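Heads up, the thing below is written out as structure tokens.
Residue numbers (the numbering used here): 120 to 276.
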């Protein structure tokens, strides 16, 4: 029981995560080394294209978000909420309760948008990072295959 508990705790440690990541790297590299030169080149091109596309889409997303801030989309949301509160107070009264509700609603909207944006940003950057790691791995395998081929050519000649 204690051993199982200790293994469960160790699963989340930095050393264990790094060990699992290294094992995954070795497995992936072994798979790539078994590919032919043309198949490896195809993988490299596909991965590089996906990486560039993801990078470009991230740039577009970031720029559009900054433009929305610059153009005042958020200010328009606040104006809309102000108009809604004016009409609500005009018809139903009870200003104190309405102000508390608007502050709560505005805080929740801000928190949700912020968390949503951070999660999207983190996931996208994580995907870009993984693609870049794969590109580096493909470059390494291609370089090793090239060295191996040159060594065989020299040995035959």
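Just so you know, even glycine gets a beta-carbon here, dropped at the ideal spot from N, CA and C. Nothing here was measured: the structure is a model prediction, and the numbers come from that model.
Segment limits, alpha helix (DSSP H) that includes residue i
i, result
"residue 160", "156-189"
"residue 132", "Segment: none, residue 132 is in no alpha helix (DSSP H) and carries neither H nor E."
8 Å Cβ shell around residue i - same chain, five flanking residues per side excluded
i, result
"residue 258", "163"
"residue 216", "none"
"residue 144", "256"
When the options are compared against residue i, the one with the closest alpha-carbon
i, options, result
"residue 171", "247, 265, 263", "247"
"residue 200", "189, 221, 188", "221"
"residue 250", "202, 169, 205, 185", "169"
"residue 198", "181, 182, 185, 225", "225"
"residue 203", "152, 185, 218", "218"
Cβ-based neighbour list, residue i, same chain, cut-off 7 Å, excluding 5 preceding and 5 following
i, result
"residue 261", "159, 163"
"residue 134", "none"
Residues near residue i in its chain [Cβ-Cβ closer than 6 Å; skip 5 each side]
i, result
"residue 161", "none"
"residue 151", "260"
Below 8 Å, can you find three or more Cβ-Cβ pairs linking the stretch 161-173 to the stretch 266-276?
Under the Cβ criterion (8 Å, minimum of three pairs), the stretch 161-173 does not count as touching the stretch 266-276.
Count the C-beta pairs between the stretch 187-200 and the stretch 243-255 that are closer than 8 Å, then say yes if the count reaches three, no if not.
Judged by Cβ distances under 8 Å, the stretch 187-200 makes no contact with the stretch 243-255, as fewer than three pairs qualify.
Report yes or no: do the stretch 176-184 and the stretch 231-246 share at least 3 C-beta pairs separated by less than 8 Å?
Yes: at least three Cβ pairs fall under 8 Å.
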